[in-house]
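Protein sequence lines, in the order shown, are assigned to chains A and L. Numbering follows my numbering, in which position 10 of the first sequence is assigned residue number 93; successive positions increment by one, without gaps. Numbering follows my numbering, in which position 135 of the second sequence is assigned residue number 176; successive positions increment by one, without gaps. Every residue, glycine too, gets a C-beta built ideally from N, C-alpha and C. Predicted model only: the values in this text are computed from it and were never measured. Step one of this worksheet: look at the structure below.
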Amino acid sequence: MSFRFIVLWLAVLVPLAWGVMRTLQNALKLFS
Amino acid sequence: MSSTFLDRESTIAPPGYNRFLVPPAALAVHLSIGQAYAFSTFNLPLTKLVGITQSAPSDWKLTDVGWTFSIAIAILGLSAAAFGRWVERVGPRKSMFTSALCFGGGFMVSAIGVHFHSLWLLYLGYGVLGGCGLGIGYISPVSTLIKWFPDRPGMATGMAIMGFGGGALIAAPLSILLMEHFKTRTSNGVLESFVTMGVIYFMFMMIGVLTVRVPAADWKPVGWSESKKPKLLVTNADVAVDMAWRTPQFWLLWGVLCMNVTAGIGVLGQASPMIQEIFSGRVTPSAAAGFVGLLSLFNMGGRFVWATASDYLGRRNTYMVFFLLGIALYSLVPWFGHLGSVPLFVAAFAVILSMYGGGFATIPAYLRDMFGTMNVGAIHGRLLTAWSVAGVLGPVLVNYIRQFQIDHGVPKAQAYSITMYIMCALLLVGFLCNFAMHPVSEKYHYRAPEPAK
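If you want it as structure tokens, here you go:
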């Protein structure tokens, strides 16, 4: 796997993972 | 002919190019323009630009500000239809760059609108210019991905269109963080947030512009060959864009998309008040916000999961599942509300919203199956006018029918039941459109002009 492949996927998946985490934190309030 | 960096010729991939470098390029664009779904985070602050802590008499009304998103979505569909053929001709790099300029520029013009407190500049900036960025950006990578992944077109386009659903998950907390950061005693931080987001999104979309590649004309995945065994609803022929929309199949697919989107979009827009009214006193505003977030997650996940599943199930069967399961769930929702079961209610809407996202993500592969790859991006652009119509129809149905019932003495908790049954009827129309699908007649197939003798 090339360096470019890893950097590109990280560039798009890290912000997405951050957004998903923030959303899940909010969603948990629904069941608390 | 000289070739520039943005031209299609400059983006042709060299032999041995890893095709899995293309989906992140598409995702960079779709994650950015997916911000549109989170524009509502600016709605309330935009009504307090003068009063800062509370609306002043000269501040914009919420209903006026709400038009910004509606204009953007309407322009999305119209620009995708109008520029689809141009996007096909110039290739993904130039069209992604144009989209980045329009979307980033839209934020800048909106910031000027905020500075001068001009609502028309906000409409022009985010609504019209940003809307063009949304439309062009949405269709830019679609045909490129289908050409890179002829063996898995559903998975490939699902990956990109998943980004459009995921963009809101990033943009909502980002907008709040930025407004908090820039807030002062004399400003609520909207202007500075718009400028910052314009710059951030332009740069993020440039990742896609710089890295996107198209395959060479004769390229095929290693070990893959086009199936010789004919499949009823998968063509090896091509249909030109101007011919495609004269076929009944185009309008059947238009109906399929419009009905599927209408059934989901109205609920998405009203999810927070709906759950609070149906479970009055049991679901707090903060928990309702969690519900909206959960629906966004399923909207995003459904795009990838259902589109990938369609590569195995077949496109028509996948939509059959959407419509039949959708009808079953929508008809059960009032009963779940009556039972007072929050988990069942949430689960039903989570599945419904996953199919709403899945409908968006599976349609490009369905178009490819029916009309071939030649003009699939442009045909997709024209089909997105169904989204514009659904964007008006869905919220109108949910909001107005609810209000009509409340005005006629129906308790708020029960005011959504009729709406759910109307959604079932819409899904039934979509089911019939999908059921009527048949192969495109050969008379519409593209034939290359004979060379002059």
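Item, Value
"DSSP three-state label for Lys453(L), please.", "helix"
"Determine the direct distance from the alpha carbon of Ser159(L) to that of Val91(L), and round the result to whole angstroms.", "12 Å"
"Any residues in the region 270-298 of chain L with a beta carbon nearer than 9 Å to a beta carbon of chain A? Which ones, in chain order?", "none"
"Would you be able to state if there are at least three C-beta pairs under 8 Å between the region 113-124 of chain L and the region 161-176 of chain L?", "yes"
"Measure the alpha-carbon distance for Ser111(L) versus Leu103(L) and round it to whole angstroms.", "13 Å"
"Where does Lys514(L) land, buried or exposed, given buried means 16+ other C-beta within 10 angstroms?", "The structure shown does not extend to residue 514(L), since chain L spans only 42 to 494, so no value can be given for it."
"Mind checking if Val103(A) is an interface residue toward chain L, Cβ cutoff 8 Å exclusive?", "yes"
"Could you spell out the range, first to last residue, of the alpha helix (DSSP H) harbouring His222(L)?", "194-223"
"In chain L, what lies closer than 8 Å to Val129(A) by C-beta?", "Since the displayed chain A opens at 84 and closes at 115, residue 129(A) lies outside it and no answer follows."
"Is DSSP giving Phe114(A) helix, strand or coil here?", "helix"
"Distance cutoff 8 Å, beta carbons only. Does Phe88(A) sit that close to anything in chain L?", "yes"
"Between the region 62-78 of chain L and the region 226-235 of chain L, are three or more C-beta pairs nearer than 8 Å?", "no"
"Skipping 5 residues on each side, what residues in its chain have a beta carbon closer than 6 Å to that of Gly166(L)?", "Gly147, Val150, Ser151, Gly154"
"Identify, in the order they occur along the chain, each residue of the same chain with its Cβ nearer than 6 Å to the Cβ of Val430(L), setting aside the five sequence neighbours on each side.", "Cys299"
"Please list the terminal residues of the continuous alpha helix (DSSP H) segment that includes Ile463(L).", "458-476"
"When the Cα atoms are used, what is the spatial distance from Leu139(A) to Leu215(L)?", "The shown model of chain A, from 84 to 115, leaves out residue 139(A), and the question about it has no answer."
"Alpha carbon to alpha carbon, how far is Gly435(L) from Ile442(L)? Give it in angstroms, no decimals.", "11 Å"
"Can you give the Cα-Cα distance for Met42(L) and Arg134(L), rounded to whole angstroms?", "Here Met42(L) scores only 40 on pLDDT, less than 50, and its place in the model should not be relied on; the value that follows carries that caveat. Going by the C-alpha atoms only, they are around 18 Å apart."
"Does any residue of chain A have a CB that is nearer than 8 Å to the CB of Gly331(L)?", "yes"
"With Ala312(L) as the anchor, note down where its alpha helix (DSSP H) starts and where it stops.", "289-319"
"Identify which residue in Arg254(L), Ser73(L), Gly399(L), Ile177(L) has its Cα closest to the Cα of Val240(L).", "Ser73(L)"
"Taking only beta-carbon positions, decide if Leu91(A) is within less than 8 Å of chain L.", "yes"
"Note down, in chain order, each residue of its chain lying with its Cβ closer than 6 Å to the Cβ of Tyr485(L), except the 5 sequence neighbours on either side.", "Val280, Met284, Thr288"
"Check whether the Cβ of Gly125(L) lies closer than 8 Å to any Cβ atom in chain A.", "no"
"Cβ atoms of Met411(L) and Thr237(L): under 8 Å apart, would you say?", "no"
"Does Ile459(L) have its Cβ less than 8 Å from a Cβ in chain A?", "no"
"Ignore the nearest five residues each way along the sequence and tell me which others in Val470(L)'s own chain have a CB closer than 8 Å to its CB.", "Gly296, Met300"
"Against chain A, does Met42(L) count as a neighbour if the rule is that its beta carbon must be under 8 Å from one of theirs?", "Because Met42(L) carries a pLDDT of 40, less than 50, the predicted location of this residue cannot be relied on, and no value is offered for it."
"Excluding the five sequence neighbours on either side, which residues of its own chain have a C-beta within less than 6 Å of the C-beta of Thr252(L), listed in chain order?", "Ala66"
"Determine the burial state of Glu129(L): buried for a count of at least 16 other Cβ atoms within 10 Å of its Cβ, exposed for fewer.", "buried"
"Can the beta-carbon of Leu385(L) be found less than 8 Å from the beta-carbon of Phe339(L)?", "no"
"Just tell me which of Arg254(L), Lys89(L), Gly334(L), Val387(L) has its CA closest to the CA of Ser51(L).", "Arg254(L)"
"Which residues of the region 298-325 of chain L have a Cβ closer than 7 Å to any Cβ of chain A? Give them in chain order.", "none"
"Is Leu251(L) close to chain A? Criterion is C-beta to C-beta, closer than 8 Å.", "no"
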